[in-house]
Amino acid sequence: MLKKLTERRQASTRHDDATGGALVLGALGVVFGDIGTSPIYALRQAVVDAGSVNVQIVMGVLSTIVWAVVIVVMLKYAAYVMRADNEGEGGIIALTALVRSGYEKGRRRVPRSLLLAGLFGAAMFYGDSMITPAVSVLSAVEGLTEISPAFGPWVVPVAAAILIALFALQHRGSNAVGHLFGPVMSVWFVSLAAVGAYRIAQHPAVLKALSPQWALALAVDRPGIAFTILGAVILALTGAEALYADIGHFGRRAIRIALVTIVFPSIIIGYFGQAATLLFVPGSVQQPFFRALPSWALIPGVIITVLATIIASQAVISGAFSMTSQAIELGFLPRMRIVETSKQHRGQVYSPAVNAILFVSVLFLVLVFRSSARLTSAYGIAVGLTMLVTTIQMASVSRYVWGWPAARAALVGVPLLIVDLTLVAANIPKIPGGGWFPVTVGLILFVLMSTWNRGRELAASHAKRSEPLDAFLRDTFSGETPPARVRGTAVYPGNKAGMTPAALKSNIRHSNVMHETAIFFANVSESAPRIDEETRIETRDLGSGCYEIVARHGFVERMNLPKLLESLSGELGAWRYDPARTTFFLPRDEVVEGCAKGEMMRWRERLFAQMSFHSASSAEYYGLRPEDVVELGVQIAL
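If you read the sequence shown in UniProt numbering, its first letter stands for residue 1, the second for the next number, and so on.
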């Protein structure tokens, strides 16, 4: 009989029920760093791409940015996408899992195209994670040249030094300085609004750009220029995905309150102030953000700008770590080392491999492009593709999770899809000038993620055909030479409940020995972020000192097998967990190539084999000490 543990989850407060100032302040420091620092370069790049600073161009660009923020950030993400939380979690990975669970609950097969779209969006997020720190820090440090042209040669070295220090400190976690993020970003948004209001007060005529007529007039009179500037307008939307991704940390209400009351007004006022500067301050086209500052505020303005871009970069890097951890649990990436950096705050993790890849990529971008103006040519295409995937996934959520009629789902989804496709199309010309980098990185990661996911599916299908555990134990103990029993406990972690672990077969075949207590552990990762304590663990007494444990966990939860076994005291008869008398038998998988029978191309089989070989050990994943582990080589035939 399956036996469910009755341990109850401790009472907890959901973020959605909290609107305290602490959550709003925290959201300012983490969620809005990217979109909040976009005014440093977005309007400037759009006007430069337009090739003119006349009234129609500047007002048209300004109006386009304003309404793009309204449509994409306020309507699409804040009002629509943020409703699709996966039990409190957000982001492209959580959204993909939500789509998958929606189909599974309806007992429908998940279209592989939707799963691949989610993996593609996640891969493009990594490409964006490489560009954001580089362009943000470079654009801020370039403010030094406004203080004195003599700082020009120092821009790249200073930016590189800041980024080197930032990545070098990642292993310590962001918790140590995280309490400063909110206050610093609060000062940033207040400063942004104050400078914008100062310039608007001098030239209030720019407020006419609140009317979408200016954007429409530019599109009608100069369609070529209007289309071109969309490639820069998307820079004002970078970071919109963070509104959704950080639901799990701050909740919808806190994020929306911060957005509506502080962030949106501040960035819009800031853009209007820059437009006034462009129109009425000669020679400001290269740096309208810094030229908008009063002369006495230039030095403190540069300092707070640098701090804000460092915080924005930290938030993006931390987001990449979190998404990697989620992707591993959902089977989208091979196991790699993930370190929890905070015991107080859930979700703060660090991945040495991801940190190293991001560091090399960001430093490469800074040293090769050497200016934010050049780097913006590489920025936007990855953001647009991630936004496009989000819209596609949201259509499935609306239809199959929320149960909307097809007409209603299309009424909302089609206009958003048109907007996203237009933004992506406008960014395609950027590919030769630098957009190739995030696209190439994203495509490589997409191939890796899709190959790993497909290989895991085939391996799981093979596991389903393995011998049932009950039958194997019955045959083993009733045979002519039953295994000798030795003292202690043997634990066999596996992935499929009710099936015989390959490590057990290998151990019996080679030594014909079993411990007096044998525990067969099935680790099941669900499409939900967290699992109720009431249904998390199931145990089954198989007789002869053998037990099966089925443990379910969500994609934001970290598995620690020793702690789990310790919590089972009294649940498996008289057995008690004793680390000194427990040995963990883990399979060391070796993928056999050429057995997929046409289900995977040969080069993908080889790629999956290499990824499997280089993935982190199961011992580290389960939180085991190396001295307690015995690894047995097991061949996996796809």
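Even for Gly, the Cβ is constructed at its ideal location relative to N, Cα and C.
So who's on the other strand from residue i, going by DSSP bridges?
i           : result
residue 499 : 468
residue 431 : In DSSP, residue 431 forms no bridge with anything.
residue 632 : 587
residue 549 : 521 and 539
residue 89  : 86
residue 514 : 485
residue 582 : 489
residue 494 : 522
Locate the beta strand (DSSP E) running through residue i, then write down its first and last residues.
i           : result
residue 542 : 537 to 543
I need the DSSP call for residue i, collapsed to helix, strand or coil.
i           : result
residue 525 : strand
residue 642 : The structure shown does not extend to residue 642, since the chain is modelled only from 1 to 638, so the question has no answer here.
residue 394 : helix
residue 238 : coil
residue 489 : strand
residue 387 : helix
residue 557 : coil
residue 625 : coil
residue 203 : coil
residue 484 : strand
residue 570 : coil
residue 32  : coil
residue 186 : helix
residue 7   : In this prediction, residue 7 has a pLDDT of 35, which is less than 50 and means its spatial position is unreliable; nothing more can be read from the coordinates.
residue 282 : coil
residue 531 : coil
residue 107 : coil
residue 100 : helix
residue 577 : coil
residue 271 : helix
residue 41  : coil
What residue range is occupied by the uninterrupted alpha helix (DSSP H) comprising residue i?
i           : result
residue 132 : 112 to 141
residue 145 : 144 to 147
residue 263 : Where residue 263 is concerned, there is no enclosing alpha helix (DSSP H), given that its DSSP letter is neither H nor E.
residue 155 : 155 to 168
residue 620 : 618 to 622
residue 375 : 372 to 375
residue 221 : 213 to 221
residue 607 : 602 to 614
residue 380 : Premise fails: residue 380 is in no alpha helix (DSSP H) and is neither H nor E.
residue 654 : This structure does not reach residue 654, given that the chain is present from 1 up to 638, and the question cannot be answered.
residue 674 : Only positions 1 to 638 of the chain appear in this structure, which leaves residue 674 out of reach.
Within 10 angstroms of the Cβ of residue i, are there 16 or more other Cβ atoms? Answer buried if so, exposed if not.
i           : result
residue 76  : buried
residue 199 : buried
residue 280 : exposed
residue 541 : exposed
residue 407 : exposed
residue 369 : buried
residue 1   : Confidence is the limiting factor: at residue 1 the pLDDT is only 34, short of 50, which leaves the residue's position unreliable, though a coordinate-based value still follows. Residue 1 is exposed by the Cβ-count criterion.
residue 296 : exposed
residue 453 : buried
residue 7   : For residue 7, the pLDDT reaches just 35, beneath the cut-off of 50, and the residue's location in the model is therefore unreliable, leaving the point undetermined.
residue 420 : buried
residue 621 : buried
residue 440 : exposed
residue 123 : buried
residue 201 : exposed
residue 553 : buried
residue 17  : Here residue 17 scores only 42 on pLDDT, less than 50, and its place in the model is too uncertain to base an answer on.
Unbroken beta strand (DSSP E) runs of length 3 or more, entirely within the segment 47 to 85: which are they? none
In chain order, which beta strand (DSSP E) runs of at least 3 residues are fully inside the segment 295 to 369? DSSP assignment within the segment 295 to 369 yields no whole beta strand (DSSP E) run of 3 residues or more.
My parser needs the alpha helix (DSSP H) runs of 4 or more residues fully inside the segment 395 to 459; what are they? Within the segment 395 to 459, the runs of alpha helix (DSSP H) that reach at least 4 residues and sit entirely inside it are, in chain order, 406 to 427.
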